[in-house]
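Each residue of the sequence shown is one higher than the one before, starting from 87 at the first, in my numbering.
Where is the CB? At the ideal position from N, CA and C, for every residue including glycine.
All values derive from a computational prediction rather than experimental measurement.
What follows is one structure encoded as structure tokens, with my remarks underneath.
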Amino acid sequence: MKVRSSAVKDDLQKRLKRIEGQVRGVQKMIEEDRDCHEIIQQLAAIRSAVQGASLTFMKDYASDCLMNMDTGDSATRETLVNDLIGLMGRG
């Protein structure tokens, strides 16, 4: 599956760059022996940001692949739905 919407692609790229910066920040906090509570707060923020990016991607996947299918093949639809459910279960 490709992300076809440029708006979704841009949103995901921004989110992932922000997450990347947050991870680098936590690495620096650990190197500087910062307080554990501060580090845990940042890790929770990272987890939340990753969940948000995942949700954005899954919404695009659902609308692009499931809602706009050209085929009436129920087996194909069932496979795509099961794939999405499997992805959601891994979180």
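Rounded to whole angstroms, S140 and E118 show a C-alpha spacing of 30 Å. Only exposed fits D96, as fewer than 16 other CB atoms lie within 10 angstroms of its CB. With respect to the 7 Å criterion, I132 and Q99 are not classified as neighbours on the basis of their beta carbons. For M115 against E106, the beta-carbon gap comes to about 15 Å, at or over 8 Å, which does not count as contact. In the structure shown, S91 adopts coil according to DSSP, grouped into three states. In the three-state reduction of the DSSP assignment, D97 falls in the helix class, which pools H, G and I. Exclusion of the five residues before and after Q128 leaves Q108, G111, V112 and M115 as the residues of its chain whose Cβ lies within less than 7 Å of its Cβ. The Cβ atoms of V94 and D146 lie closer than 7 Å to each other.
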